[in-house]
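Structure record follows, encoded as structure tokens.
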Amino acid sequence: MMLCRPVPVDQSSRCRYAPRTWLLTRGRKLVPKIAVSHQNGTSSSNGASKLEKLHTKLAIIGSGPAAHTAAIYAGRAELSPLMFEGFMANGIAPGGQLTTTHFVENFPGQPEPILGIDLMEGCRKQTLRYGARIFTETVNRVEFGRTPFRLFTDTKEVTADAVIVATGASAKRLRFPGADQYWNNGISACAICDGASPLVRNHPVAVIGGGDAAMEEALFLTKYASTVYIIHRFDYFEASRVMQRRALTNPKIRVVWHSEVTEALGNADTGLLTGVRVRDNTTREMSEIAVNGLFFAIGHKPATNFLGGQLELDDMGYIVCPPGECTTSVPGVFAAGDVKEHRYRQAIYAAGSGCQAALQAEHFLQALAQAHHERTHTQTGSMGSGGDSDHEPSPSLAEAGGSAAAVGKH
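Start counting at 1 in the sequence shown, then tack on 35, and there's your number in the working numbering.
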């Protein structure tokens, strides 16, 4: 699918729109120090021995608000982080899910609605300004079992003293005729993001799903839409009883039981969604429902497969962190944003999480350096008093992790 955004392409042409894939160039160089990986996502044919080797104090994996905020804070702390924004990782362009959002109206400092793609472009420029290096490559594999940690892309092997994972989560989407065509032109996976848009306000909309998320989306949409249809394939909801009661007693909500959407319908001239075709799973009868908005509420999938089970994950695949923390089951590896938090899924929340991860990573690296200094001092003293040592042992992650935790609490 190629969605369009209002950017000038050719001043001499009457065409005023360019496909989103133009994001990858936008009439500019990808900026210095950026390397583009193989577009097909396959491994380099030269083999691991030909990988470019780099080392950094801090590596950041991701490209959304959490990753960029972490990179900005780390850059200002003079950590010179390396950031891997991915190349169409999980089918999403660099910049994360916001690149699939039309207008963002609830991000502080933006008095006027701003295109999600432009908001992330600004984040990217700010990241570069403060010293981070950005690679448009996808991290395919990591090794967190020893230090320094290792990250692998198609062209690079990177060692890092600390890592922030901010790879986010992508909304699960249904595939049926018109689903891609009207994505972001009436079809969405975030009611909070798009529920107040003119496309929805005072018009009928539909939500697909039967869990708590679907109930929450539907209830939120009743603030703006004239009618909210909940389309569910079963004759019962999986949502909690309290959420079911709230939805079923809301006068604006109508439930379409044991039914599935088979096609999204739209206006060929405007390119906007105008309705859905629905099949009753009991009678097999087909019907049409006129709606201006269709919201998928069937869950999200965190981008954690590349971790290879080396970090503790919950039952849904999200990275497990202690309450209020960004630390993970491996000292020195931190998580930020939607990859660890499935409740809020908001850009500003992810940005705050990225700030916290960067500060905790900075404290960890300070503690690591301090432990290294103290161990070096001890070794020097030992050698001066007759002890001998050919190697200077590295400070343990446990030492650094404990010290960093103590620093972080002050």
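Just so you know, even glycine gets a beta-carbon here, dropped at the ideal spot from N, CA and C.
Between Ala386 and Cys361 the beta-carbon gap is near 13 Å, outside 8 Å, which marks them as no contact. When secondary structure is reduced to three states using DSSP, His335 falls in the strand class. DSSP places Lys375 outside any beta strand (DSSP E), giving it a letter other than H or E. Secondary structure at Met250: helix, using DSSP grouped into helix, strand and coil. Contact annotation: the region 193-213 does not touch the region 137-151, with fewer than three C-beta pairs closer than 8 Å. Within the region 170-219, the complete beta strand (DSSP E) segments of 3 residues or longer fall at 176-178, 184-187, 191-200 and 204-206, listed in chain order.
The DSSP-derived three-state label of Gly157 is helix. Exclusion of the five residues before and after Glu320 leaves Arg314 as the residues of its chain whose Cβ lies within less than 8 Å of its Cβ.
Three or more Cβ pairs closer than 8 Å define a contact, and the region 320-331 falls short of that threshold against the region 354-370.
When DSSP states are grouped into helix, strand and coil, Lys85 belongs to the helix group. For Gly389, the closest of Phe369, Ile227 and His408 by C-alpha to C-alpha distance is Phe369. In the DSSP annotation of this structure, Tyr353 is not part of any alpha helix (DSSP H), being labelled neither H nor E.
Looking from the CA of Glu397, the closest CA among His103, Glu113, Gly99 and Lys85 belongs to Glu113. Partner residues in the beta bridge of Ser294, as assigned by DSSP, are Asp315. With a 10 Å radius around the Cβ and a threshold of 16 neighbouring Cβ atoms, Phe269 comes out exposed. For Tyr264, the uninterrupted beta strand (DSSP E) segment begins and ends at Val263 to Ile266. Shown here for Thr297: same chain residues with a beta carbon closer than 6 Å to its own, the five before and five after excluded, namely Phe211, Arg312 and Arg314 in chain order.
Take Ala214, set aside five residues on each side of it, and the residues of its chain with a beta-carbon closer than 8 Å to its own are Arg208, Ile222 and Ala299, in chain order. Residues Ala206 and Phe331 of the same chain have their beta carbon placed closer than 6 Å to that of Ala224, with the five preceding and five following residues left out of the count. For Asp304, the closest C-alpha among the options Leu342, Ala248 and Asn220 is that of Asn220. Here the region 177-188 does not lie against the region 280-299, with fewer than 3 beta-carbon pairs under 8 Å apart. Beta bridge pairing from DSSP links Phe119 with Ile96 and Phe170. With 16 or more other Cβ atoms from the protein chains shown falling within 10 Å of its own Cβ, Val374 counts as buried. The Cβ atoms of Ala201 and Ala101 lie closer than 8 Å to each other.
Membership of Val277 in the alpha helix (DSSP H) is indicated by the continuous run Arg276 to Leu283.
Pairing Phe119 with Phe170 gives a Cβ-Cβ distance under 8 Å.
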